[in-house]
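Positions in the sequence shown are counted from 1; adding 50 to them yields this note's numbering.
Backbone N, C-alpha and C define an ideal beta-carbon position, used for all residues, glycine too.
Here the structure is a predicted model, which means the values were calculated and not measured.
Here the structure comes first, spelled out in C-alpha cells, and everything after it is commentary.
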Amino acid sequence: DELAGPRRPGAPGGPSGRGPMGPAGGGPAASIIGKTLGGLGPLGKVLGGPPMMGVAGGSGRSNATINGQDPELVALESKRLGTRVHALFNDGRYGEALEVAEQQMVLLRDAYGQEHHEYATAVNNVATLYQALGRVHDAEPLLQQASRIQERKLGPEHPHTLASLANLATVYEAMGQKEKGDALNVLVREMRRRWDEKQSAAKGKK
C-alpha cells in the first residue's frame, strides 16, 4: 500500500501510502523534507473502486454514525481528499496539496477526534507538506503530535509511528539540530529492526 514518490536517498516509504515528497523550491527545507506522505486517505483501504465525492442513497447503508456523520461518507470523502492530495503532491503543487490535506485533517478530527490514529496520519500528511514548503517550524509540533497518538494507539514500533518519527528527524536536520535528528534516526532504525523481527517470528509460527 505504500506509494513511492521522489525522495531523499535511503528514505523509507510512509504509513499506508505514498512515499515522501521530492525537493520543493522556495524553502530552507527543500533538500531535507518529510520522508512519508500518508496513503489515499487513512480509510482508503476500507472501500475499493475509484475515488468518489460521496455515495448515493439506497438500501444497504449502515445507520450507524460517527459523531453524527455517516461513516461511509466519511470514508469516501477522506479517500477522495487523499487521492487529490497525492495528485497535487506528485505534480509539485505543494501549496494546493496542503489546502486539501488540511481539509482531510479537519474531516477526520471532527469524525474521530484527536486521539484516533487515522487523524494522526492526516496530521503527518499536513506536516510533511509544511516541510516541502520550508515551514519546518510549523511541521515540528504536528509531527510530535502525530507520533505520540500513533505510539499510544498503534504501538512504538508500528510503521506509522516510525514514519512520523522519521519525518521529525528530517525536521530537526533542516532546523540545524543534526545531533537530535541523528539520535532519532538511530532510534527509528532500532525500533524498525524490532518490528521486522517480530513480523518474521510471527510468520514462522504459521
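query	result
Contacting residues, own chain, Cβ-Cβ under 6 Å from Gly231 (five flanking each side not counted)	Ala219, Tyr222, Glu223
N- and C-terminal bounds of the alpha helix (DSSP H) containing His187	186-204
Segments of 4+ residues assigned as alpha helix (DSSP H) that fall wholly inside the segment 121-198	121-140, 144-162, 167-182
Short Cβ contact (9 Å threshold) for Ala176 with Glu201	In the sequence as presented, Ala is not what sits at residue 176; that position holds Val. Cβ atoms of Val176 and Glu201: not closer than 9 Å.
Buried versus exposed call for His136 [16 or more other C-beta atoms within 10 Å across all chains shown]	buried
Leu237 vs Leu215 beta-carbon contact at 9 Å	yes
Best match in Met225, Ala251, Arg143, His208 for proximity to Glu240 [C-alpha to C-alpha]	His208
Start and end residues, alpha helix (DSSP H) containing Lys259	The structure shown does not extend to residue 259, since the chain is modelled only from 51 to 256, so the question has no answer here.
Range of the contiguous alpha helix (DSSP H) that encloses Glu207	Here Glu207 belongs to no alpha helix (DSSP H), and DSSP marks it neither H nor E.
Per-residue burial, Glu229 [other beta carbons within 10 Å of its own, 16 or more giving buried]	exposed
Residue environment, His187, which counts as buried when at least 16 other CB atoms sit within 10 Å	exposed
C-alpha distance - Pro101 paired with Ala252, whole-angstrom precision	Confidence in Pro101 is poor, its pLDDT being 31 and thus under 50, which makes the residue's placement too unreliable to answer from.
For Leu148 and Leu183, believed in contact at Cβ under 8 Å, the rounded distance	7 Å
Neighbourhood of Ala196 by C-beta, 6 Å cutoff - its chain only, sequence neighbours within 5 removed	Ala170, Val173, Asn174, Ser214
Beta-carbon separation (whole angstroms), His166 vs Leu204, contact threshold 8 Å	Not confirmed; about 11 Å, so no contact.
Backbone secondary structure at Arg58 - three-state DSSP	Only weak support exists for where Arg58 lies, its pLDDT of 38 falling under 50; the value from the coordinates is given anyway. Coil, per DSSP.
Distance between Asp246 and Leu158 (C-alpha atoms, nearest Å)	30 Å
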